[in-house]
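Read the structure below first, then the notes.
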Amino acid sequence: MPDGITIKKLAPEDIDVIAPLWKALLDHIAALPDAIVPIRPFEQSWPLERAEMLTALQGDAFLLVARRDGTPVGYAYVVVEGPDPVWYTGDARAELVHLSVADGARGAGVGTALMEAMDAELERRGVEDVEIGVDTANHDAVRFYERRGYRHDFHIFYGSPGMKPWACLRREEEDRRAGRGRFASPGPPAR
Amino acid sequence: MAARTHHPADSASEWTVEPFVPADGVTFTAADLGPLQPLWNSLMNRHREAWERVPMRSHEDSWPRRRAQYLKWLAEPGSFILVARRGNQLLGYLLVATQEADETYMMGERQAEIETLAVLPGKRGVGIGSALMDEAERLLRVAGIRDVLVATMHGNDAAQRFYERRGFTPFVHINYRRLEEK
Numbered sequence: 001m002p003d004g005i006t007i008k009k010l011a012p013e014d015i016d017v018i019a020p021l022w023k024a025l026l027d028h029i030a031a032l033p034d035a036i037v038p039i040r041p042f043e044q045s046w047p048l049e050r051a052e053m054l055t056a057l058q059g060d061a062f063l064l065v066a067r068r069d070g071t072p073v074g075y076a077y078v079v080v081e082g083p084d085p086v087w088y089t090g091d092a093r094a095e096l097v098h099l100s101v102a103d104g105a106r107g108a109g110v111g112t113a114l115m116e117a118m119d120a121e122l123e124r125r126g127v128e129d130v131e132i133g134v135d136t137a138n139h140d141a142v143r144f145y146e147r148r149g150y151r152h153d154f155h156i157f158y159g160s161p162g163m164k165p166w167a168c169l170r171r172e173e174e175d176r177r178a179g180r181g182r183f184a185s186p187g188p189p190a191r
Numbered sequence: 001m002a003a004r005t006h007h008p009a010d011s012a013s014e015w016t017v018e019p020f021v022p023a024d025g026v027t028f029t030a031a032d033l034g035p036l037q038p039l040w041n042s043l044m045n046r047h048r049e050a051w052e053r054v055p056m057r058s059h060e061d062s063w064p065r066r067r068a069q070y071l072k073w074l075a076e077p078g079s080f081i082l083v084a085r086r087g088n089q090l091l092g093y094l095l096v097a098t099q100e101a102d103e104t105y106m107m108g109e110r111q112a113e114i115e116t117l118a119v120l121p122g123k124r125g126v127g128i129g130s131a132l133m134d135e136a137e138r139l140l141r142v143a144g145i146r147d148v149l150v151a152t153m154h155g156n157d158a159a160q161r162f163y164e165r166r167g168f169t170p171f172v173h174i175n176y177r178r179l180e181e182k
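For the record, the sequence lines run as chains A and B.
Mapping to this note's numbering: the first sequence position 46 is 46, numbers consecutive.
Mapping to this note's numbering: the second sequence position 117 is 117, numbers consecutive.
Following this line, the structure appears as structure tokens:
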């Protein structure tokens, strides 16, 4: 465990402690240059995520919060479900749904410490299979999980059949605002 | 909805893509889904070839669990199954589940996931998968759903190329580990 870092389970009534860390994760994903689908604004997504987490925390889900000198600097949100219907043969499986580390605390081992705390908790519960979804654009996160022994087993593709995908609409909107591309004002006629 | 008939050069192999409907016309039961099982098994075999690292369940163990998942998805408004059929023989099927919008990503009010697309091994590469996807996409457009997700197993390169040709983009990797493999 890195110096000064403590990790504890978070009680559901304290969930708002992690709101800034959820925002940090959203901002991080939203800023990825290769992002495919735009992220909801924090004000829109936090109430939805919060409600979903509170429901899950009544069951087998758990939240681990890392604090440095008392200040929350990261959290892991883990959902535990019954047997996978198809692929994995374990009696229970876990999904690491969120792993967030505050901007100023990245690269200091907080993520690793949270992953180790998650493993310990899952081992205690006898859960064998763990899944983590990572944005294809989040290259650092992909490498981080690979170093911890995770391997791709599925790839989720996004499509918008017959319609313009969101990413395309977003680029158009950015071009329109910036007056770029097909929204550029016509230059002087070529001679 | 009318069935769409495909007329390949060899008319003896004519097949149609059509909705797969429950016996009572309203609610699917486990028995209704029975005819899909051989196709499901063939997809499991395909997955085993593609990615042996995942400890997959046996056919006998997997089908009842998958069937229960299907029944849950099909109870959602807007979910459906399409089949490719030649006479009484099913050559392939596709199941679409629709669900409420994602909390994190900015997608529409409802979004769709292609949960299964399976084609009989001897009938792959003749356009059955494309015809099933064409019809599914058409129905989703009519329903106003613009966000569609589909998962392929790592190593199933043909499936990945198939979706990329159709304009799909890799979006999320699902990473997996058994704790004992640490």
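For each residue, glycine too, the CB sits at the ideal point set by N, CA and C.
Source: prediction; values computed, not measured.
Simplified DSSP state of residue i, which is helix, strand or coil
i: residue 72 of chain A; result: strand
i: residue 103 of chain B; result: coil
i: residue 153 of chain B; result: strand
i: residue 145 of chain B; result: coil
i: residue 88 of chain B; result: coil
i: residue 10 of chain A; result: coil
i: residue 133 of chain A; result: strand
i: residue 111 of chain B; result: strand
i: residue 145 of chain A; result: helix
i: residue 176 of chain B; result: strand
i: residue 204 of chain A; result: The structure shown has nothing for residue 204 of chain A, since chain A only spans 1 to 191.
i: residue 27 of chain A; result: helix
i: residue 177 of chain A; result: helix
i: residue 159 of chain A; result: strand
Residue of the options minimising C-alpha distance to residue i
i: residue 267 of chain A; options: A:3, A:7, A:135; result: The first residue shown for chain A is 1 and the last is 191, placing residue 267 of chain A beyond what the model contains.
i: residue 178 of chain B; options: A:144, A:128, A:12, A:52; result: A:128
i: residue 67 of chain B; options: B:100, B:29, B:136; result: B:29
i: residue 40 of chain A; options: B:57, B:108, B:96, B:76; result: B:108
i: residue 205 of chain B; options: B:105, B:40, B:44, B:113; result: Since the first and last residues shown for chain B are 1 and 182, residue 205 of chain B lies out of range.
i: residue 42 of chain A; options: A:19, A:155, A:59; result: A:19
i: residue 171 of chain B; options: B:147, B:90, B:38; result: B:147
i: residue 139 of chain B; options: A:82, A:161, A:101, A:109; result: A:161
i: residue 134 of chain B; options: A:150, A:184, A:159, A:52; result: A:159
i: residue 23 of chain B; options: B:33, B:72, B:14; result: B:33
i: residue 31 of chain B; options: B:176, B:118, B:70; result: B:70
i: residue 130 of chain A; options: A:157, A:97, A:110; result: A:97
i: residue 78 of chain A; options: A:52, A:155, A:36, A:2; result: A:52
i: residue 155 of chain B; options: B:36, B:45, B:49, B:27; result: B:49
i: residue 56 of chain B; options: B:114, B:168, B:159, B:153; result: B:153
Closer than 7 angstroms at the beta carbon, the chain A residues around residue i
i: residue 157 of chain B; result: Per Cβ cutoff of 7 angstroms: no residues; residue 157 of chain B is ~10 angstroms from chain A at best.
i: residue 78 of chain B; result: Under the 7 angstroms cutoff, chain A gives no residues; its nearest Cβ is about 15 angstroms from residue 78 of chain B.
i: residue 37 of chain B; result: What residue 37 of chain B touches in chain A: nothing, since even the nearest Cβ is about 13 angstroms away.
i: residue 69 of chain B; result: 85
Residue i: contacting residues in chain B (beta-carbon distance under 9 angstroms)
i: residue 75 of chain A; result: None at all; the shortest Cβ gap to chain B is about 15 angstroms.
i: residue 132 of chain A; result: 173, 174, 175, 176, 177
i: residue 122 of chain A; result: 179
Contacts that residue i makes with chain B (C-beta to C-beta distance below 8 angstroms)
i: residue 185 of chain A; result: Going along chain B, no residue has its Cβ under 8 angstroms from residue 185 of chain A, so there is no contact; the nearest lies around 29 angstroms.
i: residue 52 of chain A; result: 103
i: residue 49 of chain A; result: 103, 104
Contacts of residue i in chain B (Cβ-Cβ under 7 angstroms)
i: residue 36 of chain A; result: 169, 171
i: residue 86 of chain A; result: 57, 62, 65, 66
i: residue 72 of chain A; result: Within 7 angstroms Cβ-Cβ: nothing; residue 72 of chain A doesn't reach chain B, min ~20 angstroms.
i: residue 59 of chain A; result: Near residue 59 of chain A there are no residues of chain B at all, since even the closest Cβ is about 17 angstroms away, more than 7 angstroms.
i: residue 162 of chain A; result: 137, 141
i: residue 136 of chain A; result: 170, 171, 172, 173
i: residue 173 of chain A; result: Per Cβ cutoff of 7 angstroms: no residues; residue 173 of chain A is ~12 angstroms from chain B at best.
Residue i: contacting residues in chain A (beta-carbon distance under 9 angstroms)
i: residue 93 of chain B; result: What residue 93 of chain B touches in chain A: nothing, since even the nearest Cβ is about 16 angstroms away.
i: residue 73 of chain B; result: Per Cβ cutoff of 9 angstroms: no residues; residue 73 of chain B is ~11 angstroms from chain A at best.
Chain A residues whose Cβ lies nearer than 8 angstroms to that of residue i
i: residue 166 of chain B; result: 159, 161
i: residue 99 of chain B; result: Near residue 99 of chain B there are no residues of chain A at all, since even the closest Cβ is about 13 angstroms away, more than 8 angstroms.
Inter-stretch contact at 8 angstroms, needing at least 3 Cβ pairs: the segment 80-95 of chain B / the segment 13-22 of chain B: yes
Chain-ordered residues of the segment 143-156 of chain A with a beta carbon less than 7 angstroms from chain B: 145, 149, 150, 151, 152, 153, 154, 155, 156
Stretch pair the segment 79-90 of chain A + the segment 119-133 of chain A: three plus CB contacts closer than 8 angstroms: yes
Under 7 angstroms (Cβ pairs) to chain A, residues found in the segment 129-154 of chain B: 137, 140, 141, 146, 147, 148, 149, 150, 151, 152, 153, 154
The segment 131-140 of chain A contacting the segment 29-37 of chain A, beta-carbon criterion three pairs below 8 angstroms: yes
At least three beta-carbon pairs within less than 8 angstroms, the segment 104-114 of chain A to the segment 62-71 of chain A: yes
Residues, ordered as in the chain, of the segment 17-47 of chain A that lie near chain B by beta-carbon distance below 7 angstroms: 36, 37, 38, 39, 40, 45
Within 7 angstroms of chain B by C-beta, residues of the segment 79-112 of chain A in sequence order: 85, 86, 87, 88, 89
Within 8 angstroms of chain A by C-beta, residues of the segment 108-123 of chain B in sequence order: none
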